[in-house]
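Just so you know, we're using this note's numbering here: the sequence shown kicks off at 1 and counts up by one.
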Amino acid sequence: MDTLQEVINYLIELADAGALARILYCFIRIKINPDEASAYLKRIKHAIWFVLLANMVWTFKILAESYYK
Numbered sequence: 001m002d003t004l005q006e007v008i009n010y011l012i013e014l015a016d017a018g019a020l021a022r023i024l025y026c027f028i029r030i031k032i033n034p035d036e037a038s039a040y041l042k043r044i045k046h047a048i049w050f051v052l053l054a055n056m057v058w059t060f061k062i063l064a065e066s067y068y069k
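Spelled out as structure tokens, the structure:
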């Protein structure tokens, strides 16, 4: 069970790192091409929502498990 927990934690960290990379990429693209700033800002917003939802789902799972133990 501990190994599975470690794998899940690594996947969450990987998702966070990927979203951070996506946000940085979008900021760089905005600096390069300001004409498409609205599209990249929308992508940044979606990346932030992804990180928030992914972490909240995991937190709710942990809370539910601890409540019903």
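Ideal placement from N, C-alpha and C gives every residue a C-beta, glycine not left out. On a predicted model such as this, the values are computed, not experimentally measured, just so you know.
How far does the alpha helix (DSSP H) with residue i in it reach, from first residue to last?
i   : result
M56 : 37-67
K9  : A small correction: the amino acid at residue 9 is Asn; Lys does not occupy that position in the sequence shown. Note, N9: alpha helix (DSSP H), 2-32.
Work out the CA separation of residue j and residue i for me, nearest whole Å.
i   : j   : result
R43 : I23 : 8 Å
I32 : Y67 : 49 Å
F27 : A54 : 22 Å
Q5  : V57 : 15 Å
T3  : A21 : 27 Å
P34 : Y25 : 14 Å
Within the same chain, show all residues whose beta-carbon is closer than 8 Å to that of residue i, passing over the 5 residues directly before and after it, in chain order.
i   : result
A36 : Looking at the sequence itself, residue 36 is Glu, so the reference to Ala does not match. R29, I30.
By a C-beta neighbour count over all protein chains shown, 10 Å radius and 16 as the cutoff for buried, is residue i buried or exposed?
i   : result
A64 : exposed
Can you list, in chain order, the residues of its chain whose CB lies under 7 Å from that of residue i, leaving out five sequence neighbours each side?
i   : result
A19 : A47, F50, V51
Within the same chain, show all residues whose beta-carbon is closer than 6 Å to that of residue i, passing over the 5 residues directly before and after it, in chain order.
i   : result
Y40 : C26, R29, I30
Between the segment 33-53 and the segment 13-20, do three or more beta carbon pairs fall short of 8 Å? yes
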